[in-house]
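> Would you mind keeping the following structure in view while I ask a few things?
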Amino acid sequence: MEVIQLLISGTSQGCVYGLIALGFVLIYKATEMVNFAQGDIMMLGAFFAFTYISILEFNFFIALAATIVTMAALGALLERTILRSMIGEPPFSVLMLTIGLGFIIRAVAGAIWGNEPRSIPTPYAGGVLSYREVIVGYENIVIILGTLLICGFLFLFFKFSRLGIAMQAVSQNQLAAYYLGVPVKRIYSLVWALSAIISAVAGILIAPVSLISPLMGFIGIKAFAAAIVGGFGSLPGAIIGGLIIGIVEQFAGLYLPTGFSDVSAYVVLLLMLLIRPQGIFASMQQKKV
Amino acid sequence: MRFIKKISYEQDVRLFQHEGQIFWYSLLVMSVLIAPALLDTFYIGELSLVFIYAISGIGLMILVGYTGLVSLGHAAFLAIGAYTHACLLAVGVPFVVSMICATFFSALIGGLIGIPALRMTGIYLAVATLAFASIVEQILTHWVSVTGGFRGMAVELPRVLGVELYDAVPFYYLCLGILVVCLLLALNLLRSPMGRAMRAIRDSEIPARSMGIHLAFTKTLAFAISAGFTGLAGSLLAHRIGYLAPDSFTLLISIQLLIMVVVGGLGSLHGVIYGAVFICFLPQIIAIMRDFLPTAIARIPGLEPGIFGLILVLFLIYEPHGIYGRWLKFRHYFEQFPLYRKAAHKRQKSYLRTERLR
Amino acid sequence: MSEMSLSFGGLLAVQRISFDVNNGDVFSIIGPNGAGKSTLINLISRFYDADEGTLQFEGRDITATPPHHIAELGIARTFQNIELFEHETVLQNLLIGKHVYRKTNLVSEFLFTPAVRRQEMAFRKEAEDVIDLLDLQHYRHQVIGNLPYGVRKMVELARALCVKPRLLLLDEPSSGLNPEEKEDLSYWIEDINEELGVTIIMVEHDMNLVLRSSNKVMAMADGRCLAIGLPDDIQSNPEVKRAYLGDF
Chain E
79 MEVIQLLISG TSQGCVYGLI ALGFVLIYKA TEMVNFAQGD IMMLGAFFAF TYISILEFNF
139 FIALAATIVT MAALGALLER TILRSMIGEP PFSVLMLTIG LGFIIRAVAG AIWGNEPRSI
199 PTPYAGGVLS YREVIVGYEN IVIILGTLLI CGFLFLFFKF SRLGIAMQAV SQNQLAAYYL
259 GVPVKRIYSL VWALSAIISA VAGILIAPVS LISPLMGFIG IKAFAAAIVG GFGSLPGAII
319 GGLIIGIVEQ FAGLYLPTGF SDVSAYVVLL LMLLIRPQGI FASMQQKKV
Chain A
48 MRFIKKISYE QDVRLFQHEG QIFWYSLLVM SVLIAPALLD TFYIGELSLV FIYAISGIGL
108 MILVGYTGLV SLGHAAFLAI GAYTHACLLA VGVPFVVSMI CATFFSALIG GLIGIPALRM
168 TGIYLAVATL AFASIVEQIL THWVSVTGGF RGMAVELPRV LGVELYDAVP FYYLCLGILV
228 VCLLLALNLL RSPMGRAMRA IRDSEIPARS MGIHLAFTKT LAFAISAGFT GLAGSLLAHR
288 IGYLAPDSFT LLISIQLLIM VVVGGLGSLH GVIYGAVFIC FLPQIIAIMR DFLPTAIARI
348 PGLEPGIFGL ILVLFLIYEP HGIYGRWLKF RHYFEQFPLY RKAAHKRQKS YLRTERLR
Chain C
249 MSEMSLSFGG LLAVQRISFD VNNGDVFSII GPNGAGKSTL INLISRFYDA DEGTLQFEGR
309 DITATPPHHI AELGIARTFQ NIELFEHETV LQNLLIGKHV YRKTNLVSEF LFTPAVRRQE
369 MAFRKEAEDV IDLLDLQHYR HQVIGNLPYG VRKMVELARA LCVKPRLLLL DEPSSGLNPE
429 EKEDLSYWIE DINEELGVTI IMVEHDMNLV LRSSNKVMAM ADGRCLAIGL PDDIQSNPEV
489 KRAYLGDF
């Protein structure tokens, strides 16, 4: 029973990692940029939701929609104003830039909302589902369902929508896509918007489980590990990597001495890099001469 | 404008290319030597911190700026150096021996980490080093019998051959001396074949391999050398802060070290010095500024990292060559005056250069 | 140089190709795009692993030699799309070619002992000889990023020569050069071959250059060898014509 309990809580935690990892991978695939500020974007999403729900007292679902619109605009704005000028710069510069961006976002969030942890009231808070000894909070179920919903949406989006197919084209060959009339720059902005939306949803989903604060973005680093475990550049890989890390973390927390839970994500990552450096779903190959 | 007449090949490998350089560098050395006589003890302490950061910056610059590998975990090597040194001192090992041991132990760990890490590039390496640093941080916290855990451990006072160096001024000279030695070692490395091989790997791995450079070995070596310098800096830092605790070696410190080399100017040792001055004095400036700002702004949590982030972003967008690059342009302007052309340093428009096949 | 037979799985980029190159030859490989010419060069310089077949150089089996040992054996190469060290000067690029002759160790380099200094001077002198040979004096201290395409191509050739190879692999040396530069190139290939005694294997599209400089030509199509022989014979070979022009 204990095992099932841990599996479920690990899965719900893993889903959050997976969603943030999805945000990383989307941006990486399309623009070859690694966005280290993804966790902080998630934090912003959570704070916007907090503002709409607790301060402006919107209905939960209206607030959800408002957060998504806000974050999409913000993601596109970030791309347009700051990251557009970095296209073609070495990956290291982009990495440093997004690290710097993360610092700024954290400082701004601290200035606006303060540093004390907050919580978001949700219509589903507090309820539990119990079957024999297994007790699962509604929050966890909502996280898992929400992740499934997003995955389904993304699958359909990339498979059938014009925009999704254009995004794939850009990610495979930027120049060719450009010549074929795909508006590459606009696609970049849209990819950032989409990635920001997914992160914001992750932020809202996780808010009832762990409180929101300007420093919550640091779980982005674990999500990053998840993205690499899954094979950087693979969308299903991101989710599966997230699940692996989420579940391993729960088990390490219970069965191993203190401290191991915090590093288990990194141990999994290092082991993965040693055994299969390209990740579960390999998508990168060596440069051709 | 200076024209140098070259009459022998040897001229190109000299440390100083012309008399002007000798003059300016001597002036610099003179001024740091007499600084303790002129400055307040507080600033002498801060300057020693600059020197310590510069030493670790040399290590990171060799890795990031000259070999083109990224490390998001150099605070771990700083920690390994500091703790090794402190532990050895505690069991009675002489100062110099202990410092050398700390350096080599860090280099060894760096090499070991380098072995799996060199199979990866770019972002994979960055994250692997980050994971390594997080693990080291946890070990420091939980291995209480050696490191004292959260409570930390005290560092014995520095004593070289019976001479006590714990006052600000002698410690300043100690740091300065070690920095100068490290600078010379790094300069020598960079003008000899191994340094050249590292730069070749940074620019392009494929031809480097076809020119007979063993990629894995050279990268591991660069990692070890880098970790060694950083470990040495760590052992000095142990004395500077006096009391070691895991929270002195967090991810934030690793990132700060990276900010130092990026803002200073990647690919130059001058940049390391500029960067070290920058990251040591910016917090002071921010602290002073706080007094003049309205309380609402001054009390923002995370203001300091925020400003660091802002400056980093501005540099990356507007001056990717860092402070040193800006200085070169500035000097060029005056040398060419009034013939300076605005386009001389214009960056070319770059396109997305992909390392991927698909 | 003796019997080489290589093949490449999956795509079958190169199918069971065998050829010998004698010491002192200039051996050209021609063929339409996608024939597997560059693959062949990459196989010889050990960037690709062959699925079957063996590769021999001066009587030694090098089928499994790691790519960074190839230069040490005396094989140097250039690349189809120039691969230089962009942020370094021409001189530093050439000195990289000397890396295989490095005898000093890390400790002496940290201290820059007289031995390291002497070695640097010796490297420099040899690099200067190559600079003189290829007329690169003007560009010695210029950074690669600022040089025009034709010069870069020459710098790449010079860097390969700095290895003092006995076998030189040139992957499309004349692509992107103007007629004048091509003219120079053909003289230099002749010089390198005759004066320095370097055996050359080159992949080339320009038939004039091939006819002028090489004494043996292999024509390839679709990963197969169509014919090997003297340049003129190859040019009049009906099968080769068909591969280029299609059936009539």
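Protein chains in written order, with the numbering used here: chain E, 79 to 367; chain A, 48 to 405; chain C, 249 to 496.
Backbone N, C-alpha and C define an ideal beta-carbon position, used for all residues, glycine too.
1) Indicate whether at least one CB of chain A lies closer than 7 angstroms to the CB of Asp340/E.
2) May I ask you to report which of helix, strand or coil DSSP gives Asp299/C?
3) Would you mind sorting Trp191/E into buried or exposed? The rule is 16 or more other CB atoms within 10 Å of its CB.
4) Just checking, does the segment 266-281 of chain A make contact with the segment 153-165 of chain A on the three C-beta pairs under 8 angstroms criterion?
5) What's the call for Lys351/C, buried or exposed, on a 16-neighbour Cβ count within 10 Å?
6) Just to confirm the assignment, what range does the beta strand (DSSP E) spanning Phe267/C have?
7) In chain order, what residues of the same chain have a beta carbon less than 7 angstroms from the beta carbon of Gly445/C, not counting five sequence neighbours either side?
8) Contact between the segment 343-352 of chain E and the segment 330-342 of chain C: three or more CB pairs below 8 angstroms?
9) At least one CB of chain E closer than 7 angstroms to the CB of Ile182/A: is that the case?
10) What are the boundary residues of the beta strand (DSSP E) that includes Leu207/E?
11) Show which residues of chain A have a CB atom less than 7 angstroms away from the CB atom of Met369/C.
12) With three or more C-beta pairs closer than 8 angstroms as the rule, is the segment 89-105 of chain A touching the segment 247-264 of chain A?
13) Quick one: any contact between the segment 186-205 of chain A and the segment 126-138 of chain A, if contact means 3 or more CB pairs under 8 angstroms?
14) Measuring only between beta-carbons, confirm whether Met174/E sits less than 7 angstroms from chain A.
15) Can a CB atom of chain A be found closer than 7 angstroms to the CB of Phe358/C?
16) Can you give me the C-alpha to C-alpha distance between Val111/A and Arg246/A, rounded to a whole angstrom?
17) Give a yes or no on whether 7 angstroms exceeds the smallest Cβ distance from Glu66/A to chain E.
18) In whole angstroms, give me the CA-to-CA distance for Gln68/A and Ile248/A.
19) Suppose you measure from the CA of Gly322/A to the CA of Val310/A; what does that come to, to the nearest Å?
20) Taking the continuous beta strand (DSSP E) assigned at Asp419/C, which residues delimit it?
21) Measure the alpha-carbon distance for Leu351/E versus Glu428/C and round it to whole angstroms.
22) Please report how far the alpha carbon of Arg366/C lies from the alpha carbon of Glu57/A, in whole angstroms.
23) Pull up the distance between the alpha-carbon of Leu418/C and that of Ile437/C, whole angstroms please.
24) Quick check: the Cα distance between Thr285/E and Tyr95/E, rounded to an integer number of angstroms?
25) Give the DSSP-derived three-state secondary structure of Gly242/A in the structure shown.
26) Closer than 8 angstroms, Cβ to Cβ, to anything on chain C: give me those residues from the segment 247-264 of chain A, in chain order.
27) Does DSSP put Ala292/A in a helix, in a strand, or in coil?
28) Taking Ala408/C as the reference, which of Glu320/C, Ala312/C, Gln304/C has the closest Cα?
29) Got a sec: which bits of the segment 181-200 of chain E sit with their beta carbon under 8 angstroms from any beta carbon on chain A, in order along the chain?
30) Assuming Lys464/C is part of the beta strand (DSSP E), what are its boundary residues?
31) Taking C-alpha atoms, which residue in Phe327/C, Asn463/C, Met369/C, Ser293/C lies nearest to Thr311/C?
32) Can you tell me whether Phe295/C is buried or exposed, with buried defined as 16 or more other CB within 10 angstroms of its CB?
33) Against Ser171/E, what residues of chain A qualify as contacts under a CB-to-CB distance less than 7 angstroms, listed in chain order?
34) Counting only the same chain and skipping the five closest in sequence on each side, list residues whose C-beta sits under 7 angstroms from that of Ile288/A.
35) Does Val403/C come within less than 7 angstroms of chain A when only Cβ atoms are used?
36) Please check if any C-beta of chain B sits within less than 7 angstroms of the C-beta of Val465/C.
Inspection of the coordinates gives the following:
1) Yes, Asp340/E counts as interfacial toward chain A.
2) In this structure, Asp299/C counts as coil in the three-state DSSP scheme.
3) Answer is buried; the Cβ neighbour count reaches 16.
4) Output reads yes: the segment 153-165 of chain A touches the segment 266-281 of chain A.
5) Under the 10 Å beta carbon count, Lys351/C is surrounded by fewer than 16 other beta carbons and is classified as exposed.
6) DSSP places Phe267/C in the uninterrupted beta strand (DSSP E) bounded by 265-267.
7) In its chain, beyond the 5 residues on either side, Gly272 have a beta carbon closer than 7 angstroms to the beta carbon of Gly445/C.
8) Judged by Cβ distances under 8 angstroms, the segment 343-352 of chain E makes no contact with the segment 330-342 of chain C, as fewer than three pairs qualify.
9) In terms of beta-carbon proximity, Ile182/A lines the interface with chain E, with at least one pair separated by less than 7 angstroms.
10) Going by DSSP, Leu207/E is part of the beta strand (DSSP E) stretching over 206-209.
11) Going along chain A in sequence order, the residues near Met369/C (Cβ under 7 angstroms) are Tyr56, Glu57.
12) As far as the Cβ criterion goes, the segment 247-264 of chain A does not touch the segment 89-105 of chain A, which means the pair count is below three.
13) Yes: the two stretches touch, three or more of their Cβ pairs being nearer than 8 angstroms.
14) Chain A contact via Cβ: present.
15) Yes, its Cβ sits closer than 7 angstroms to a Cβ of chain A.
16) If I take the Cα positions, the gap works out to 10 angstroms.
17) Chain E contact via Cβ: absent.
18) Those two C-alpha atoms are separated by around 30 angstroms.
19) Put simply, the backbone Cα of Gly322/A is about 6 angstroms away from that of Val310/A.
20) Judged by DSSP secondary structure, Asp419/C falls within the beta strand (DSSP E) whose first and last residues are 415-419.
21) Those two C-alpha atoms are separated by around 51 angstroms.
22) Approximately 9 angstroms, taken between the alpha carbons.
23) Taking the straight line from one Cα to the other gives about 10 angstroms.
24) First, the amino acid is wrong: residue 285/E is Ala here, not Thr. Those two C-alpha atoms are separated by around 13 angstroms.
25) Gly242/A: helix per DSSP, three-state reduction.
26) Those residues of the segment 247-264 of chain A that come within reach of chain C (Cβ to Cβ, closer than 8 angstroms) are Ala247, Arg249, Asp250, Ser251, Ile253, Pro254, Ala255, Arg256, Ser257, Met258, Gly259, Ile260, His261, Leu262.
27) Of the three classes helix, strand and coil, the one that applies to Ala292/A here is coil, per DSSP.
28) Distances from the alpha-carbon of Ala408/C to those of Glu320/C, Ala312/C, Gln304/C put Glu320/C closest.
29) So the list reads Phe181, Ile182, Arg184, Ala185, Val186, Gly188, Ala189, Gly192, Asn193, given in the order they occur along the chain.
30) Residues 464-469.
31) With distances taken between Cα atoms, Thr311/C lies closest to Ser293/C.
32) It is buried - the Cβ of Phe295/C has at least 16 other Cβ atoms within 10 Å.
33) By Cβ distance, chain A contributes Leu363, Pro367.
34) Within the same chain, Ile288/A has close Cβ partners Ser295.
35) At least 7 angstroms separates the CB of Val403/C from every CB of chain A.
36) No chain B appears in the structure shown, which is made up of the protein chains E, A and C.
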